[in-house]
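Numbering-wise, the sequence shown is residues -21 to -1, 1 to 204 according to mature numbering (1 follows the signal peptide of the UniProt record, and there is no 0).
Using N, Cα and C, we set each Cβ at its ideal position, and we do this for glycine too.
Input: a single structure, listed below in structure tokens.
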Amino acid sequence: MTATRTTALVATVVTAMSALVGCGGGDAAPQSAASTVAASSSAAAATPAAPSYKILDKAALAKALLPLKEMPAGYSEDPSKDEDGPDKTFCNYRQPYTAKIEVSAAYQKGGGLKTEIASIALRQYANADQAKASFAKMAETLETCKQDTSEGQKLTYALMNLPKTGDDSLGVRIETQGATVLQGFAVVGPTLISTGAGGLMSADADVVADLLDKQVDRYSAAAAR
């Protein structure tokens, strides 16, 4: 594989993998009205109310993306970013819910074999329950989904430890044709947040974790009620 083809593959994988979010999950067991009210009242008395986030329109959601100045030194906007990317999920699992609004940004650093690519994406669902279920299904899938293919390329997945951020979060390491992509996911209210970074010669988990934490903070501030 040529350096140009492999570098292009890294860019494709980083952008595409940021879209590999899951959704769904079974309904909870039914409860009687009385027990539901009692449980809700007890929980409200014992636990402070969770933060509430408003639904943003596409312009506001795009504005909530981390700007270039928040990226690590050396990164520039990637004009070749494909916003649509492959319609793909981890191991092709079904998505009962789809995001209502999606926005993303892509950046690159260096050149040739030393090219590093980074991407950020926000996927806003109809409500927080759909986003939470989407994250839970993705996490469940990644427990057993270890190998896959995308556009003819073999992918290997491994869960990766990242500091917790947002309502919940996880990391995944993706290997393909000598390239490594590290991806971080977090759920905040009605939105799934993802950050990814990778390259042929290096992939820094600290960069992914830092970007994810910053993006969670920026989105949370923009969507707070």
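Within the DSSP secondary-structure output, Y136 pairs in a beta bridge with I153.
Unbroken alpha helix (DSSP H) stretches of 4 residues or longer found wholly inside the segment 93 to 121: 107 to 121, given in chain order.
Using a 10 angstroms sphere on the CB of A52, the tally of other CB atoms stays under 16, which defines it as exposed. The Cβ-Cβ distance between A105 and V186 does not fall below 9 Å. Beyond the five residues adjoining it in sequence on each side, E81 comes within less than 6 Å, by CB distance, of R102 in the same chain, given in chain order. Proximity of the segment 114 to 126 to the segment 184 to 201 falls short of the contact definition, fewer than three beta-carbon pairs being nearer than 8 Å. The three-state reading of DSSP puts S31 in coil, since its state is none of H, G, I, E or B.
In the assembly as shown, A203 is an exposed residue. Its beta-carbon has fewer than 16 other beta-carbons within 10 Å. For the segment 35 to 86, the continuous alpha helix (DSSP H) assignments of 4+ residues that do not extend past its boundaries occur at 37 to 42, in sequence order.
Taken through DSSP and simplified to helix, strand or coil, S181 comes out as coil. Taking C-beta separations shorter than 7 Å and ignoring five residues to either side along the sequence, the partners of N140 in its chain run G150, following chain order. For G163, the uninterrupted beta strand (DSSP E) segment begins and ends at 158 to 167. Judged by their CB atoms, P142 and A188 are nearer to each other than the 9 Å cut-off.
For D127, the uninterrupted beta strand (DSSP E) run begins and ends at 126 to 129, by DSSP.
Selection Q156, D108, T170 evaluated against G131 yields Q156 as nearest (Cα-Cα).
The secondary-structure analysis by DSSP pairs S173 across a beta bridge with A100, F164. A29 places its beta carbon 9 Å or farther from that of L35. Under the three-state reduction of DSSP, D147 is assigned to strand. Taking the C-beta atoms as reference points, N71 is found no nearer than 9 Å to D146. Taking each of D183, G168, S148 in turn and checking the Cα distance to V160, the smallest one comes out for D183. Within the DSSP bridge table, the entry for K193 names no partner.
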